[in-house]
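Report on the structure given below.
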Amino acid sequence: MKIKRTIFAAAILLLVLPFAAVAQTSPDDPAIMEAKEKTAVVFDLGRFFGYLNTMEKETPELALSISQLEQIYEIMEELNTIDRVEADYAEKLLVSLEDDLLTPDQLMQVDQLAIAKAEARTTSASTGTGTGGGQITSYVAGGAFNPIKDPAKTIGQDFATFFEYVAKKLRN
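No gaps in the numbering here: position 14 of the sequence shown is 14 in the working numbering, and each next residue is one more.
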């Protein structure tokens with residue numbers, strides 16, 4: 001009887017231990033810190049779409065052309081299908097969007113919006129609010145990682161809003 005309990009307890013422990021290890025990952029864990037640095041570009045790409053949305057609404061003289069919107073829409077459709085966005089892929093997309101798609105004036109406006117938002121995030125971070133904890137843990141574990149389409153996060157909400165806007169504008 002004791003042997004069966006011991007075997008049962010060991011089996012339960014083996015099943016639960018991997019989940020406990022992931023759940024107890026500290027923000028100071030080197031793997032988590034490295035993943036945050038590596039995936040920062042994925043969050044930057046996601047924020048980029050929010051900046052484009054803001055630019056479209058607040059700076060009509062810098063509105064995106066139909067050609068630009070078509071290219072952006074294709075990229076956004078693809079991002080909607082991806083469960084795990086890798087940093088290299090996000091970097092490639094972001095560089096292409098900034099260097100090949102936007103005009104210099106549009107890029108300057110997006111950069112100004114990014115700077116303003118970064119300052120706001122820095123202020124929020126100093127008051128103890130953070131983002132991406134569970135997503136980073138999933139990334140480190142090799143799981144899904146696409147904060148760009150996460151409707152529970154501001155980045156995902158902004159992406160969805162801009163995606164709808166672009167789709168509607170292309171239909172008209």
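The C-beta atom is built at its ideal place from N, Cα and C for all residues, glycine as well.
Neighbour-count burial assignment, residue i, 16 or more Cβ in a 10 Å radius
{"i": "Asn80", "result": "exposed"}
{"i": "Asn172", "result": "exposed"}
{"i": "Arg47", "result": "buried"}
{"i": "Gly50", "result": "buried"}
{"i": "Val22", "result": "With a pLDDT of only 47 at Val22, under the threshold of 50, the placement of this residue in the model should not be trusted; the figure read from the coordinates follows. Burial call: exposed."}
{"i": "Gln173", "result": "Past the boundaries of the shown model lies residue 173; the chain is included only from 1 to 172, so the question cannot be answered."}
{"i": "Ala90", "result": "buried"}
Residue i vs residue j beta-carbon contact at 7 angstroms
{"i": "Ile32", "j": "Ile115", "result": "no"}
{"i": "Leu62", "j": "Leu170", "result": "no"}
8 angstroms contact criterion, which residue i and residue j should meet: CB distance rounded
{"i": "Val166", "j": "Met76", "result": "7 angstroms"}
{"i": "Leu45", "j": "Leu94", "result": "5 angstroms"}
{"i": "Phe163", "j": "Arg84", "result": "Contact flag wrong, Cβ pair sits at about 19 angstroms."}
{"i": "Leu101", "j": "Gln71", "result": "6 angstroms"}
Rounded straight-line distance, which links the Cα of residue j to that of residue i
{"i": "Val222", "j": "Ile148", "result": "The question about residue 222 has no answer, for the chain in this structure spans 1 to 172."}
{"i": "Asp150", "j": "Ala141", "result": "18 angstroms"}
{"i": "Asn53", "j": "Glu86", "result": "24 angstroms"}
{"i": "Thr122", "j": "Pro60", "result": "28 angstroms"}
{"i": "Asp29", "j": "Phe43", "result": "20 angstroms"}
{"i": "Ile174", "j": "Gln157", "result": "Residue 174 is absent from the structure shown; the chain starts at 1 and stops at 172."}
{"i": "Ile66", "j": "Lys36", "result": "35 angstroms"}
{"i": "Lys153", "j": "Ala120", "result": "16 angstroms"}
{"i": "Ala118", "j": "Ile155", "result": "13 angstroms"}
{"i": "Pro99", "j": "Gly143", "result": "According to the sequence displayed, residue 99 carries Asp and not Pro. Approximately 31 angstroms between the Cα atoms of the pair."}
{"i": "Tyr73", "j": "Lys168", "result": "11 angstroms"}
{"i": "Gly128", "j": "Glu34", "result": "Only weak support exists for where Gly128 lies, its pLDDT of 43 falling under 50; the value from the coordinates is given anyway. Spanning the two alpha carbons is a distance of roughly 20 angstroms."}
{"i": "Gly134", "j": "Lys92", "result": "25 angstroms"}
{"i": "Gly130", "j": "Pro104", "result": "Note that Gly130 scores 47 on pLDDT, short of 50, meaning its location in the model is unreliable and no value can be drawn from it."}
{"i": "Phe159", "j": "Tyr139", "result": "20 angstroms"}
Sequence-distant residues of the same chain with beta carbon closer than 6 angstroms to residue i, five excluded per side
{"i": "Lys38", "result": "Ala87"}
Other residues of its chain near residue i: CB distance less than 7 angstroms, five sequence neighbours each side excluded
{"i": "Gln109", "result": "Met55, Thr59, Leu62"}
{"i": "Thr175", "result": "Residue 175 is absent from the model: the chain starts at 1 and stops at 172."}
Residues near residue i in its chain [Cβ-Cβ closer than 8 angstroms; skip 5 each side]
{"i": "Ser96", "result": "none"}
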